[in-house]
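Since the structure comes first, as structure tokens, the remarks are kept for the end.
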Amino acid sequence: MSQSNQFKLLASRRFTPLFLSLLGSVFNDSLFKNSLLVILAFHLAKAEANTLINLASSLYVIPYFLFSLAAGQLADKYEKGRVIRIIKAAEILISILGAIALLTDDRVLSFIVLILFATHTAFFSPVRYAILPQHLKQSELLGGNGLAQVASFFGLLVGTIVGTLLAGDVGQGKPGLLYLSLVMVTVAVLGYLASRAIPPLHPPPPI
353 MSQSNQFKLL
363 ASRRFTPLFL
373 SLLGSVFNDS
383 LFKNSLLVIL
393 AFHLAKAEAN
403 TLINLASSLY
413 VIPYFLFSLA
423 AGQLADKYEK
433 GRVIRIIKAA
443 EILISILGAI
453 ALLTDDRVLS
463 FIVLILFATH
473 TAFFSPVRYA
483 ILPQHLKQSE
493 LLGGNGLAQV
503 ASFFGLLVGT
513 IVGTLLAGDV
523 GQGKPGLLYL
533 SLVMVTVAVL
543 GYLASRAIPP
553 LHPPPPI
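Going by this note's numbering, the first residue of the sequence shown is number 353, and it counts up by one from there.
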């Protein structure tokens, strides 16, 4: 598939809603994780910060070990567009909890939200890979997978930058956490709306 045809997928309803859903999920995951790490690193004593950062890093990977297999089975068993919509709806609730955790400086809730975001990502990844062959032609798969990787890397990069900048702008009279919370919830809602535009599953189109 040529590069020009590859980018034409971004104008296709078979692909664009999934692209936007993936972009939003990776962005929010990265946004919350990095903002939490920045807050821990710069607003706590060094020894306490190091302990909590190591704890956060460990907690983040646990859901991938626990739920990856179940997530793959779920993606195979149920209609994939519906699974994505459920995951994206859950992301809205997780983002609201994340906003509450950040605005109230509740560290226990922050770690719970971190685990929930990791669980959300663990369930989203298999269905993202599984849905593409059923919505794209064989000749479009390489380009579609490439663009999905672009969404992942771009969401990760921008989420890291925005999370770091906004989490660094906290303190008395500073609006960083409020802006961070608004961005996170807004992106989650927009991602869910995008997921609702994913067309119902149909047989793979002919090559």
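Every residue, glycine too, gets a C-beta built ideally from N, C-alpha and C.
This one's a predicted model, so the numbers in the text were calculated from it and none came from an experiment.
*Indicate the three-state DSSP secondary structure (helix, strand or coil) for I550 in the structure shown.*
Note: I550 maps to coil in three-state DSSP.
_Count Cβ pairs between the stretch 527-547 and the stretch 410-423 that sit closer than 8 angstroms; are there 3 or more?_
no
_Straight-line Cα distance separating E492 from Q358_ = 7 angstroms
*Measuring CA to CA, which of L372, I446, F463 and F367 is closest to F506?*
Among L372, I446, F463 and F367, the Cα nearest to that of F506 belongs to L372.
*Pick from K526, L361, V522 and G424 that is closest to L388, judged by C-alpha positions*: Selected option, being the one with the closest Cα: V522.
*8 angstroms contact criterion, which L518 and G511 should meet: CB distance rounded*: Their Cβ separation, rounded to whole angstroms, is 11 angstroms, which puts L518 and G511 out of contact at 8 angstroms.
_For I464 and E443, I'd like the C-alpha separation in whole angstroms._
Using only the alpha carbons, I get a separation of about 14 angstroms.
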